[in-house]
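Have a look at the structure below before the remarks.
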Amino acid sequence: MAAGAARKLRPRRAGLEVRPRGPAKRAAGASGDGDVVMAAAGRKVRKSIGKRKRGQAKAAPAAAAAPESRRARQRRMAALGVERAAAAKEAPDQLQQRQAAEWKEMKAEVARLKKERHGLPKKGGKELRAAANQKVRQLWDDMKIRHEAERVSAGLPPQPPAGAAP
Numbered sequence: 001m002a003a004g005a006a007r008k009l010r011p012r013r014a015g016l017e018v019r020p021r022g023p024a025k026r027a028a029g030a031s032g033d034g035d036v037v038m039a040a041a042g043r044k045v046r047k048s049i050g051k052r053k054r055g056q057a058k059a060a061p062a063a064a065a066a067p068e069s070r071r072a073r074q075r076r077m078a079a080l081g082v083e084r085a086a087a088a089k090e091a092p093d094q095l096q097q098r099q100a101a102e103w104k105e106m107k108a109e110v111a112r113l114k115k116e117r118h119g120l121p122k123k124g125g126k127e128l129r130a131a132a133n134q135k136v137r138q139l140w141d142d143m144k145i146r147h148e149a150e151r152v153s154a155g156l157p158p159q160p161p162a163g164a165a166p
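Residue numbers (UniProt numbering): 1 to 166.
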């Protein structure tokens, strides 16, 4: 015997009745042509924010800086260093201590920016990563140029490059 035939021959349990299905209930305002009225679909809410959108929202202010040529920026930083050195009139030891402290703060800022850059998307976020890299490079270059200009205007020799023999 087939499985379907065996089901038909089974006796029904006592007290259980099989009721025939009635017509489907319709929503209020349904037309008489058999259509069911659907409620208006609401906007779907995403449970999480995509990594790309989160990275773009986080790094949007960094990309808004106006472009300035490298040469113009170097000239501006050198002029700022000369002005600052003329206004300060400090001893060479104090100048070196102040510059060392500024250099340390700048390195901490660069480390913070690099950590933020680490959170940016690897794919599809090239502009954001390039802007973050450029900001790090500008901080480094600006400090170097400004400090050299301060040392020259104070009458000190320029700082030798890192790794050079004394």
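Cβ atoms here follow ideal geometry from the backbone N, Cα and C, with glycine treated the same way. Quantities reported herein were computed from a predicted structural model and do not represent experimental measurements.
### Task
Report all residues from its chain with a CB closer than 6 Å to the CB of Lys89; omit the five preceding and five following residues, and keep chain order.
none
#### Entry: Residue environment, His147, which counts as buried when at least 16 other CB atoms sit within 10 Å
buried
### Message
Taking only three categories from DSSP, how would you classify Pro121?
### Response
coil
#### Entry: DSSP state of Pro92 mapped onto helix, strand, coil
helix
### Message
Helix, strand or coil for Val36? Go by DSSP, reduced to three states.
### Response
coil
### Message
Please classify Lys135 as buried or exposed, where buried requires at least 16 other C-beta atoms within 10 Å of its C-beta.
### Response
buried
### Query
Assuming Leu120 contacts Leu128 under a Cβ cut-off of 8 Å, what Cβ separation, rounded to an integer in Å, is found between them?
5 Å
### Query
Between the stretch 35 to 42 and the stretch 97 to 105, do at least 3 Cβ pairs fall closer than 8 Å?
no
### Task
Please confirm whether Arg84 and Glu150 have their CB atoms less than 8 Å apart.
yes
### Query
Which class does Lys135 belong to by DSSP, given the choice of helix, strand or coil?
helix
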